[in-house]
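Notes for the one structure printed next.
Protein chains: 4
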Amino acid sequence: MLNIGPYTFQSRLFLGTGKYASGEVQKQAVEASETGVLTFAVRRMNIFDDSQPDPFESMDLSGFKLLPNTAGAKTAEEAVRIAKMAQAANMCDMIKVEVIGCDKTLLPDPIETIKATEMLLDEGFIVLPYTSDDVVLARRLQELGIHAVMPGASPIGTGLGIINPYNLSHIIEQAEVPVIVDAGIGSPKDASYAMELGADGVLLNTAVSGAGDPLKMAEAMKYAVEAGRLGFEAERIEKKMYAQASSPVEGMSKL
Amino acid sequence: MLNIGPYTFQSRLFLGTGKYASGEVQKQAVEASETGVLTFAVRRMNIFDDSQPDPFESMDLSGFKLLPNTAGAKTAEEAVRIAKMAQAANMCDMIKVEVIGCDKTLLPDPIETIKATEMLLDEGFIVLPYTSDDVVLARRLQELGIHAVMPGASPIGTGLGIINPYNLSHIIEQAEVPVIVDAGIGSPKDASYAMELGADGVLLNTAVSGAGDPLKMAEAMKYAVEAGRLGFEAERIEKKMYAQASSPVEGMSKL
Amino acid sequence: MLNIGPYTFQSRLFLGTGKYASGEVQKQAVEASETGVLTFAVRRMNIFDDSQPDPFESMDLSGFKLLPNTAGAKTAEEAVRIAKMAQAANMCDMIKVEVIGCDKTLLPDPIETIKATEMLLDEGFIVLPYTSDDVVLARRLQELGIHAVMPGASPIGTGLGIINPYNLSHIIEQAEVPVIVDAGIGSPKDASYAMELGADGVLLNTAVSGAGDPLKMAEAMKYAVEAGRLGFEAERIEKKMYAQASSPVEGMSKL
Amino acid sequence: MLNIGPYTFQSRLFLGTGKYASGEVQKQAVEASETGVLTFAVRRMNIFDDSQPDPFESMDLSGFKLLPNTAGAKTAEEAVRIAKMAQAANMCDMIKVEVIGCDKTLLPDPIETIKATEMLLDEGFIVLPYTSDDVVLARRLQELGIHAVMPGASPIGTGLGIINPYNLSHIIEQAEVPVIVDAGIGSPKDASYAMELGADGVLLNTAVSGAGDPLKMAEAMKYAVEAGRLGFEAERIEKKMYAQASSPVEGMSKL
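Chains as they are written, first to last, in UniProt numbering: chain U, 1 to 255; chain A, 1 to 255; chain P, 1 to 255; chain B, 1 to 255.
What follows is the structure in structure tokens.
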């Protein structure tokens, strides 16, 4: 079980709700994933922009914890404004800080992310910042009092998976709060790998919503996160350069 | 469901039975894996060498299909002799051809593997040869009439995982019989990856028997194979160099 | 030719001077490398600590540009103090900002690096900050007016090479000042790869000083940087999944 | 210096002569590479098919050793016929055996390659077979008496570089004749890497002929092979998980 702030989650998979072909597909994918935490961009909600459709109209949200993000913010101030709007609409007490510093990579701005994190902690939010895999930055964010840290595996929506397992390992080894690997997951093996490295959870969206069959992929991700977590707990074998027989036959009777 | 020769298997995970700390651990790991196919070295059996303990003494084998292998053979003739011994003991009609050509890497000998395969097919066995990931060799073996092909991910027991996904992809793309990725799997992500590439199944042993907690790892592998298969069927997203917002906010109202 | 601030360098290889077995080995390795820029930790100099040996006693420095670094600093203030000491000793007008935020990985502290960079630019230094491969951080540093940016390939002294070629590519694509890949280079292929990605230069130390034969490795790195630069300028072929005959024989007369 | 059969070569780079934009570009690229060995498909020569242009019409071949290959052969018999035609035209006493077993990957057929190798050795040729990176197959070929073994880095013309450095390492470690890594090289780092693993030479073609600027790439490859060889001889540093300061400052006087 995963604890973030005062909350406990059965599933270690957080699912984004963007870009599904329809509300019905979204709903079924969410169910198949067995996630307990749904993320969404506040700016995509009709509380923010009433010309937007309600992304949750076909879903009963009562069983889920909502984790809105501040996507679209380029400064700390924008991020805070977006977070407060979500709070005012009773959508959340948790917020994923997402302050983008680069349009091409959608990678986060470290300085504005730190600022926004400080401001939102002051406002009493449960704060989960999305960050690069910069090891020291992850530590600096934790020193501010965040509730979980969310390093990216690779840029949002690229499906490139875990490019730098070393940095993620260092972040995990040094972490004092849960580490949720966020962004870049492309397939089940990536989600499993993040968990095997010792991550506490995985957040993904495009890997499911953009798959040929989002429902099957949602189910795949459920199993992948479970497999990776068990694999981490089970302690994998060391890698070796030379072979090791699984059924050694040395010293046995000759044919 | 996986079909090999006349047999149908619910699980796509084949589990080796070597090197467990005890018969009890082996039994529980097998159960946790939910495998339907158990593999073992004939030369490790007490039919072959009566000073050997019975590796299955604590297990009821009635629910399993047995896939003995010819580990320890360095020539086609030895492999055939081992296979016939297993057959004579009513252990199998299926055989995994394993003719090792290198003591350091335990990589298979292509020439002797082809010879042994031909001879065992002539004898009426259901033949699954263990082979390197040589693309043309896998095809040549299939032209002989084998029932499944078993390319290695990396050398036996190394835990190096899938070193050459290109070759495995080419083998899978060209295959006319099931492809079971065999050897080198180190952790759940590797098993998932093999399945995502389109393999029909995965055979592993040391990854489970050598893990800190073999039972948990057996369960992890069960989920990993399931995740990978579903991921393959679901068709993953393409990899991209640049980011793609999961919740695009372009064209939205300004803050 | 490489331009940084008012200076022009023939070689794109910067060589660190730490950890050589002797002054004589250091001198010969420097010569073999044909570098024009030598880096060193100010705190290792006897201007800083007169119990230290003079690391350059066997060398004539007249042909080199010196690039001292602020290794050992954990805060911006320490870095500035170290830089000023080097300046006062007439050692430099260029400084490599190195503010470490993690003892285990020696990865840089993004916040203190930014602060130190600002302060040293105000003091009139030619500033080259060592940074992680965080894409947006590299941009933020450039907006301050730095003269080159020095993202790490992997942690100092690890020899892990280029772990994240994507981030380096993004940094290079967006850079408005020279990009010198710094830290983690383990072998010639790593130096070549950095240059092939479009880096303007490479800084390395342990790969040479820690090699079995530092002189040969220094020469190897000279060629690797040259190979990588030419390879970048020559524009490599695209990667393909399927083969392309170099000597296509389709449509030719039958045998 | 590299010895193959009775011949000694200054350069460890073998260059293919296919697919250049013109004879003049080919000639200049060959010069820039400083190679001593030129390879070409016999079937592309006008001795074989007089409608073909002479690929060497603009070159003086007196300084080069020619290494024709049997590209286009799908059986051992075809390969032998092609080799004999080249011999009859006084083109060679060395032959690169290339018997393709797959049109999509142009990967070699292990069985036909072995057969052709045996037959050509019987005919007195100096034989260099192109093979996959199958470790045991490379050994079997050597047991026949070949003069060098040529494992592929990845499929011909793909530019995928060295996919499986483990197999190449095992082949090199076990080799009793020179190992020339052949096929798949995409950029200088790949050529350097092959040499760093201990290969005795590298053969490439498309990486140069298909580059934006073939002359520059030919020069890049010359340096890359040199860098990689020196890097191998110099013995690189071990890879480490955690950082190692190149200029350690522990135990030094406090600021």
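We put the CB at the ideal spot given by N, CA and C, even for glycine.
One question on the structure: do residue i and residue j come within less than 9 Å of each other, judged by their Cβ atoms?
i                     : j                     : result
residue 59 (chain P)  : residue 27 (chain P)  : yes
residue 84 (chain A)  : residue 118 (chain A) : no
residue 224 (chain B) : residue 175 (chain B) : no
residue 21 (chain B)  : residue 230 (chain P) : no
residue 158 (chain P) : residue 239 (chain B) : yes
residue 301 (chain B) : residue 93 (chain B)  : The structure shown has nothing for residue 301 (chain B), since chain B only spans 1 to 255.
residue 16 (chain P)  : residue 204 (chain P) : yes
residue 32 (chain B)  : residue 218 (chain B) : yes
residue 101 (chain A) : residue 140 (chain B) : yes
residue 138 (chain P) : residue 181 (chain P) : no
residue 242 (chain U) : residue 104 (chain A) : yes
residue 57 (chain U)  : residue 23 (chain U)  : yes
Report all residues from its chain with a CB closer than 7 Å to the CB of residue i; omit the five preceding and five following residues, and keep chain order.
i                     : result
residue 197 (chain A) : 165, 168, 169 and 172
residue 160 (chain A) : 154, 184 and 186
residue 71 (chain B)  : 41, 43 and 98
residue 133 (chain A) : 151, 152, 164, 167, 168 and 171
residue 211 (chain B) : 217
residue 127 (chain A) : 95, 97, 117, 120, 121, 146 and 147
To which residues does DSSP link residue i through a beta bridge?
i                     : result
residue 16 (chain B)  : B:39
residue 182 (chain A) : A:203
residue 8 (chain A)   : A:3
residue 130 (chain U) : U:150
residue 69 (chain A)  : A:41 and A:96
residue 108 (chain P) : P:100
Give the DSSP-derived three-state secondary structure of residue i in the structure shown.
i                     : result
residue 159 (chain A) : coil
residue 91 (chain B)  : coil
residue 236 (chain P) : coil
residue 230 (chain B) : helix
residue 74 (chain B)  : coil
residue 188 (chain U) : helix
residue 209 (chain U) : helix
residue 177 (chain U) : coil
residue 197 (chain U) : coil
residue 165 (chain B) : helix
residue 54 (chain P)  : coil
residue 249 (chain P) : Note that residue 249 (chain P) scores 49 on pLDDT, short of 50, meaning its location in the model is unreliable; the coordinates nonetheless yield the value given after this. Here residue 249 (chain P) sits in coil by DSSP.
residue 219 (chain A) : helix
Using a Cβ-Cβ cutoff of less than 8 Å, which residues in the same chain neighbour residue i once the five nearest sequence positions on both sides are dropped?
i                     : result
residue 69 (chain B)  : 39, 40, 41, 42, 95, 96, 97, 98 and 130
residue 142 (chain B) : 149, 175, 176 and 177
residue 74 (chain U)  : 99, 100, 101, 109 and 112
residue 135 (chain U) : 167, 170, 171 and 174
Who are the Cβ neighbours of residue i in its own chain at under 6 Å, not counting the five residues just before and after it?
i                     : result
residue 214 (chain A) : 25, 29 and 208
residue 156 (chain A) : 106 and 183
residue 145 (chain U) : 121
residue 8 (chain P)   : 1
residue 86 (chain U)  : 42, 68 and 92
residue 228 (chain B) : 192, 195 and 196
Item to check | Residues from the region 183-211 of chain B in contact with chain A, defined by Cβ distance under 8 Å | outcome: none
Checklist entry - Which residues, taken in chain order from the region 225-244 of chain U, show a beta carbon closer than 9 Å to some beta carbon of chain A? => result 225, 226, 227, 228, 229, 230, 231, 232, 233, 234, 235, 236, 237, 238, 239, 240, 241, 242, 243 and 244
Checklist entry - In chain order, what residues of the region 136-167 of chain U put their CB closer than 7 Å to some CB of chain A? => result 155, 156, 157, 158, 159 and 160
Next on the checklist: Please identify, using Cβ separations under 8 Å, the residues of the region 96-126 of chain P that lie next to chain U, in order along the chain.
Outcome noted: 101, 102, 104, 105, 107, 108, 109, 110, 111 and 114
Next on the checklist: To be precise: take each residue of the region 56-78 of chain A, compare its Cβ to all Cβ atoms of chain U, and keep it if any distance is under 7 Å. Which residues remain?
Outcome noted: 71, 72 and 78
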